[in-house]
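Residue numbers (UniProt numbering): 1 to 516.
I have placed the structure first, in the form of structure tokens, so that the comments after it can refer back to it.
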């Protein structure tokens, strides 16, 4: 029992001891926490003091800035007022200056007006004096003046006549049949091909035949290469317009295979006109130049020869025509439209070309199947001598001259090609007969040669364009065309004669060859 009590006491002591130790620890911990809290409060107090100090400094800066802004506002307001006052003064000064300038200008205008009135009066007085002086000129002096003018006019007319005569003599010296060569450029549709023609100069060409492995040279009156222009080609034609107005017959035609550039040379596109349009433009230009010396009347007809039939292209139904051969070539029923200007000509030609026969073959997608003839008839009267002159011009775009083997045509196209070749062959026969100076010339063998009888028969000036393609594939046809052209160059028709109309009768020099 005693022992239990002792144990209880010991246990109680231990608990007290632990309690005291725990109490001391708590006090120490509390003291530490209190110390920490005091330290934190002290730091916070210091921070607050610093913030108060900084806030005070910022407030001082704000006050300073407010003062600076107020000073700047005051300064700028003053400067703006001064600038506005200065601008106002300048404006007022400029306005006054402008007003003064206007006043001065008004005074100057008034002065000029007064001077103008004075000059007008002075001019009127001078005019009166001049008229008075003019009236004082004697009638003898005026007569001398008029006589001098008439003398100059006579000399001018004489010189003009001599110039015209010399010009026609020059044309005669060149030969009645002249042959010009024109080589068309290579076209995209020709494909990858070689050029078989070389233009040596403006008179001579060389052609290389790849199959025969030979080269040939040909000479012409003029050679126009692939880069030649319509204007350059026409320069060689232009003088013939003068011959028509002087009473001569003129024939210009284009010969060559299909696609060689005949229609381009003779007709040309609307933006690059050819021989037909340019020649007629020149005719009307010359008529204008001779106004007061001659009166002219011009008529135009458009025909085609298709399958050896002659058709009028200026009628809706393309009337079939016949050729009458006597002393001269006449075509009864042919439509001849009177034209007074180049514009009239364009309308007539446009109407005729629309009716021309065209078709397709293996050589050219727009191959011409007919000979197209534009005929121009000119009647002129000399107002001083009353002499009447009659001139005629044929402008001919021949159908393609290619051989039948190359065209690969059948049926109607074969018949057309045969008739074209017959017509061109007949032209070749006439050329050969004239070249050989035979007594019998076969004009009647085709419609084409019948129509051209008075052009080929020694009373005309002729110009032939031989058109060729430069491609190697066209070389055989090109050689044929050049051979035909060379024969034509040898023809001597004799000197062309004027058609002088007297009392309704036309007198011309007859050909030395018989006309059959």
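Heads up, the beta-carbon is just placed ideally off N, CA and C, and yes, glycines get one too.
Everything numeric in this text was worked out from a predicted model, so none of it was measured.
Look at the alpha carbon of residue 206 and the alpha carbon of residue 181, and state the distance between them as a whole number of angstroms. A direct Cα-Cα distance of roughly 12 Å separates residue 206 from residue 181.
If you check the beta carbons only, do residue 238 and residue 220 fall under 9 Å apart? Between residue 238 and residue 220, the C-beta gap is not smaller than 9 Å, which leaves the two residues out of contact.
Check whether the stretch 417-436 touches the stretch 263-282, counting contact only when three or more Cβ pairs, one atom from each stretch, lie closer than 8 Å. Contact between the stretch 417-436 and the stretch 263-282 is absent, because fewer than three Cβ pairs lie under 8 Å.
At 4 residues or longer, and completely inside the stretch 467-491: list those alpha helix (DSSP H) runs for me, N to C. You should have 475-489.
With residue 181 as the anchor, note down where its beta strand (DSSP E) starts and where it stops. For residue 181, the uninterrupted beta strand (DSSP E) run begins and ends at 177-183, by DSSP.
Pull up the CB-CB distance for residue 431 and residue 496, whole angstroms please, since I reckon it's below 8 Å. With a beta-carbon spacing of about 17 Å, residue 431 and residue 496 fall beyond the 8 Å limit used to define contacts.
Length-filtered (3 minimum) beta strand (DSSP E) runs lying within the stretch 286-364: If we require 3 residues or more, the beta strand (DSSP E) runs fully inside the stretch 286-364 come out as 294-306, 309-312 and 337-339.
Given a threshold of 16 other Cβ atoms within 10 Å of its Cβ, counted over all protein chains shown, does residue 306 qualify as buried or as exposed? A residue is called buried once 16 or more other Cβ atoms fall within 10 Å of its Cβ, and residue 306 is buried on that count.
Cβ pair residue 454, residue 249 closer than 9 Å: In contact: residue 454 and residue 249 (Cβ atoms closer than 9 Å).
So the candidates are 283, 211, 443 and 251; which of them puts its Cα closest to the Cα of residue 326? Residue 326 has its Cα closest to that of 443, out of 283, 211, 443 and 251.
Over the uninterrupted alpha helix (DSSP H) stretch that includes residue 245, give me the two end residues. Here the alpha helix (DSSP H) through residue 245 covers 238-245.
Host alpha helix (DSSP H) of residue 455 (start-end): Here the alpha helix (DSSP H) through residue 455 covers 453-456.
Residue 225 - DSSP class collapsed to helix/strand/coil: In the structure shown, the three-state DSSP call for residue 225 is coil.
Which residues does DSSP list as the beta-bridge partners of residue 204? For residue 204, which the question treats as bridged, DSSP gives the partners 219.
Which two residues bound the contiguous beta strand (DSSP E) that contains residue 235? Here residue 235 belongs to no beta strand (DSSP E); instead the alpha helix (DSSP H) covers 230-235.
Between residue 400 and residue 260, is the Cβ-Cβ spacing less than 9 Å? Yes, the pair counts as a contact, with Cβ atoms nearer than the cut-off.
Could you give the distance in angstroms between the alpha-carbon of residue 366 and the alpha-carbon of residue 263? Bear in mind that the predicted position of residue 366 carries a pLDDT of just 38, short of 50, making it unreliable; the figure below should be weighed with that in mind. Residue 366 and residue 263: Cα-Cα distance of roughly 11 Å.
N- and C-terminal bounds of the alpha helix (DSSP H) containing residue 262: Annotation: the continuous alpha helix (DSSP H) that includes residue 262 extends over 262-266.
Decide if the stretch 220-230 is in contact with the stretch 367-387; the criterion is three or more beta carbon pairs, one per stretch, under 8 Å apart. By the Cβ rule, the stretch 220-230 does not count as touching the stretch 367-387, because fewer than three pairs are nearer than 8 Å.
Using a threshold of 9 Å, state whether the C-beta atoms of residue 517 and residue 395 are closer than that. Since the first residue shown for the chain is 1 and the last is 516, residue 517 is missing from the structure and cannot be characterised.
What residues in its chain sit with their C-beta under 7 Å from that of residue 416, if we drop five residues either side in the sequence? So the list reads 307 and 369, once near-sequence residues are dropped.
Give the secondary structure of residue 115 by DSSP, where H, G and I count as helix, E and B as strand, and everything else as coil. Helix.
CB of residue 240 within 9 Å of CB of residue 451, strictly: Using a Cβ distance threshold of 9 Å, residue 240 and residue 451 do not count as a contacting pair.
Below 8 Å, can you find three or more Cβ-Cβ pairs linking the stretch 469-486 to the stretch 182-200? In short, these stretches touch, since the Cβ pair count reaches three.
Same chain, Cβ closer than 6 Å to residue 349, five either side skipped, listed in chain order: Counting only Cβ-Cβ distances below 6 Å, and skipping sequence neighbours, we find nothing.
Quick one: Cα of residue 234 to Cα of residue 272, how far? One C-alpha to the other measures close to 12 Å.
Residues in the same chain with beta-carbon distance under 7 Å from residue 333, minus the five sequence neighbours each way, listed in chain order, please. Only 319 and 321 meet the Cβ criterion.
Local Cβ density within 10 Å of residue 97, reported as buried at 16 or more and exposed below that: Flag for residue 97 reads exposed.
Count the other C-beta atoms from every protein chain shown that fall within 10 angstroms of the C-beta of residue 311, then say buried if there are 16 or more, exposed otherwise. It counts as buried.
Could you compute how far the alpha carbon of residue 13 sits from the alpha carbon of residue 25? Just so you know, the alpha carbons of residue 13 and residue 25 end up roughly 18 Å apart.
Here's a check: name, in chain order, each residue in its chain whose Cβ is nearer than 6 Å to the Cβ of residue 295, leaving out the five neighbours to either side. Cβ within range, chain order: 381.
Could you check whether residue 131 and residue 247 sit closer than 9 Å to each other, using their CB atoms as the reference points? Cβ atoms of residue 247 and residue 131: not closer than 9 Å.
How many Å lie between residue 328 and residue 258 at the Cα? For residue 328 and residue 258, the distance between alpha carbons rounds to 32 Å.
Would you call residue 111 buried or exposed, if buried means 16 or more other Cβ atoms sit within 10 Å of its Cβ? Under this definition residue 111 is an exposed residue.
If residue 300 sits next to residue 339, beta carbons under 8 Å apart, how far is it from one beta carbon to the other, in whole angstroms? Yes, they are in contact, since the Cβ atoms of residue 300 and residue 339 sit about 5 Å apart, within 8 Å.
Figure out for me which residue from 386, 256 and 217 has the closest Cα to the Cα of residue 481. Taking only the C-alpha atoms, the option nearest residue 481 is 256.
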